[in-house]
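Asks: I'd like to ask you about the structure that follows.
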Amino acid sequence: MAISYRVVIGWRGVAYEYSRRAHLQRTINTWTQLTGVQSSGALYSALTPHLPNQTHTHNMSLERQVRAKLASKRNADQEKEAQEWIETILGAKFPPGEAYEDVIKDGTVLCQLINKIKPGSVAKINTSGGQFKMMENITNFQAAIKAYGVPDIDVFQTVDLWEKKDIAQVTNTLFALGRETYRHPEWNGPYLGPKPAEECKRDFSEEVLNAGKTVIGLQAGSNKGATQAGQNMGAGRKILLGK
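Numbering (our numbering), first residue to last: 251 to 493.
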């Protein structure tokens with residue numbers, strides 16, 4: 251059930267409202283990238299049906315277009331790979347007939363996942379208590395994977411999963427978590443996705459570093475190579491006829 255921006259219940263409500271507004275801005279940015287149409291105040295208003303004096307039919311049509319664009323970003327193979335990775339780690343299959351996003355929607359499976367990867371990451375997993383308790387699971391999962399090393403930019407927004415706004419981004423987050431496990435030697439698998447490139451550090455002696463300071467870069471010019479040596483500026487040319 252969609253929650254109005256006007257409904258704010260404690261700090262969870264404030265956090266959820268902030269998440270929705272952040273998602274709205276990202277939706278507009280995605281629309282601009284996918285269609286080439288620059289975002290505008292009109293587009294923002296069209297995507298916020300709670301504002302007065304808006305045509306409801308027009309709003310719904312635009313929202314359906316945006317949802318269709320976002321849905322086209324989903325990759326069934328990646329979702330299957332992510333699901334199988336979770337199932338292997340947890341040692342349990344997803345319920346048959348249930349969609350991938352529905353199984354992980356309340357955050358319980360995700361919290362169990364990060365607790366398997368790094369024990370104790372989420373102290374309490376809510377299994378009841380209503381939608382805000384379930385969204386709290388998602389928030390706790392997000393905080394736990396950030397603490398584990400997943401960059402903020404790779405972490406989905408709460409509404410991406412809870413309201414299924416951007417399931418592709420949720421899958422991307424799982425792959426980001428999978429990549430991060432490679433950097434933790436205490437984790438021995440299974441892994442998700444390719445191993446990230448490792449940083450190659452090189453140490454140079456003080457002597458080598460000082461020698462490098464005396465080298466003139468090519469962008470500063472060069473006194474070697476082609477020159478004007480041998481050219482005669484203004485000299486006449488001899489023209490030989492009859493040969």
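Even glycine gets a Cβ: it sits at the ideal position worked out from N, Cα and C. Nothing here was measured: the structure is a model prediction, and the numbers come from that model.
Per the contact definition of three or more C-beta pairs closer than 8 Å, is the stretch 373-392 in contact with the stretch 425-443?
Replies: Counting Cβ pairs under 8 Å, fewer than three are found: no touch.
Asks: Give the single residue among Val405, Lys415, Thr338, Asn460 whose Cα lies nearest to the Cα of Ser322.
Replies: Here residue 322 is taken as the residue at index 72 of the sequence shown, counted from 1. Nearest option by C-alpha distance: Lys415.
Asks: When the Cβ atoms of the stretch 327-340 are set against those of the stretch 392-400, are three or more pairs found closer than 8 Å?
Replies: As far as the Cβ criterion goes, the stretch 327-340 does not touch the stretch 392-400, which means the pair count is below three.
Asks: For Ala349, is the classification buried or exposed, using 16 other Cβ atoms within 10 angstroms of its Cβ as the cut-off for buried?
Replies: Taking the first residue of the sequence shown as position 1, residue 349 is located at position 99. By the 10 Å Cβ count, Ala349 comes out exposed.
Asks: Using C-beta distances below 8 Å, list every residue in its chain close to Leu442, excluding the 5 sequence neighbours before and after it, in chain order.
Replies: For the purposes of this step, residue 442 is taken as residue 192 along the sequence shown, with counting starting at 1. Excluding residues within five positions, the ones whose Cβ falls inside 8 Å are Glu331, Ala332, Trp335, Leu424, Phe425, Leu427, Gly428, Arg429, Thr431.
Asks: Helix, strand or coil, according to DSSP, for Leu459 in the structure here?
Replies: Along the sequence shown, one-based indexing puts residue 459 at 209. Leu459: helix per DSSP, three-state reduction.
Asks: Check each candidate in Leu363, Met385, Asn422, Lys445 and name the one with the smallest Cα separation from Pro401.
Replies: Along the sequence shown, one-based indexing puts residue 401 at 151. Considering only alpha carbons, the answer is Asn422.
Asks: Using 8 Å for Cβ pairs, my map puts Ala354 next to Leu360. What's the rounded Cβ distance?
Replies: As a first step, residue 354 is located in the sequence shown; it is residue number 104 there, counting from the start. As a first step, residue 360 is located in the sequence shown; it is residue number 110 there, counting from the start. Per the sequence shown, residue 354 should be read as Ile rather than Ala. So it is a contact: roughly 6 Å between Cβ atoms.
Asks: Residues in its own chain within less than 8 Å of Phe406 by CB, not counting five upstream and five downstream?
Replies: The count along the sequence shown starts at 1 and reaches residue 406 at position 156. Within the same chain, Phe406 has close Cβ partners Gln392, Asp416, Gln419, Val420, Asn422, Thr423.
Asks: Mapping the DSSP letters down to three states, classify Asn390 as helix, strand or coil.
Replies: Here residue 390 refers to the residue found at position 140 of the sequence shown. Looking at Asn390 - three-state DSSP - the assignment turns out to be helix.
Asks: What's the gap between the Cα of Ile364 and the Cα of Ser371?
Replies: Taking the sequence shown and counting its residues from 1, one reaches residue 364 at position 114. Taking the sequence shown and counting its residues from 1, one reaches residue 371 at position 121. Using only the alpha carbons, I get a separation of about 7 Å.
Asks: Note down the Cα distance separating Thr338 from Leu459, rounded to an integer number of angstroms.
Replies: As a first step, residue 338 must be located in the sequence shown, where it is residue number 88. As a first step, residue 459 must be located in the sequence shown, where it is residue number 209. Computed Cα separation, rounded: 50 Å.
Asks: Helix or strand or just coil, what does DSSP make of Asp327?
Replies: Residue numbering aside, residue 327 sits at position 77 when the sequence shown is read from its first letter. Looking at Asp327 - three-state DSSP - the assignment turns out to be helix.
Asks: According to the Cβ coordinates, are Met385 and Thr358 closer than 9 Å?
Replies: Within the sequence shown, the letter at position 135 stands for residue 385. Within the sequence shown, the letter at position 108 stands for residue 358. Against a cut-off of 9 Å, the Cβ pair of Thr358 and Met385 comes out as no contact.
Asks: Buried or exposed for Thr408, going by 16 or more other Cβ atoms inside 10 Å?
Replies: Residue numbering aside, residue 408 sits at position 158 when the sequence shown is read from its first letter. Flag for Thr408 reads buried.
Asks: In angstroms with no decimal places, state the Cα-to-Cα distance between Asp356 and Glu456.
Replies: Numbered from its first residue, the sequence shown carries residue 356 at position 106. Numbered from its first residue, the sequence shown carries residue 456 at position 206. When rounded, the distance between both Cα atoms is 56 Å.
Asks: If you run the structure through DSSP and keep just helix, strand and coil, what is Trp335?
Replies: For the purposes of this step, residue 335 is taken as residue 85 along the sequence shown, with counting starting at 1. In the structure shown, Trp335 sits in a helix (DSSP, three-state: H, G or I).
Asks: Should Leu411 and Ile388 be called a contact, given that it needs their Cβ atoms to be closer than 9 Å?
Replies: Mapped onto the sequence shown, residue 411 falls at position 161. Mapped onto the sequence shown, residue 388 falls at position 138. Yes, the pair counts as a contact, with Cβ atoms nearer than the cut-off.
Asks: Around the C-beta of Asn325, are 16 or more other C-beta atoms found within 10 angstroms, so that it is buried, or is it exposed?
Replies: Working through the sequence shown from its first residue, we reach residue 325 at position 75. Under this definition Asn325 is an exposed residue.
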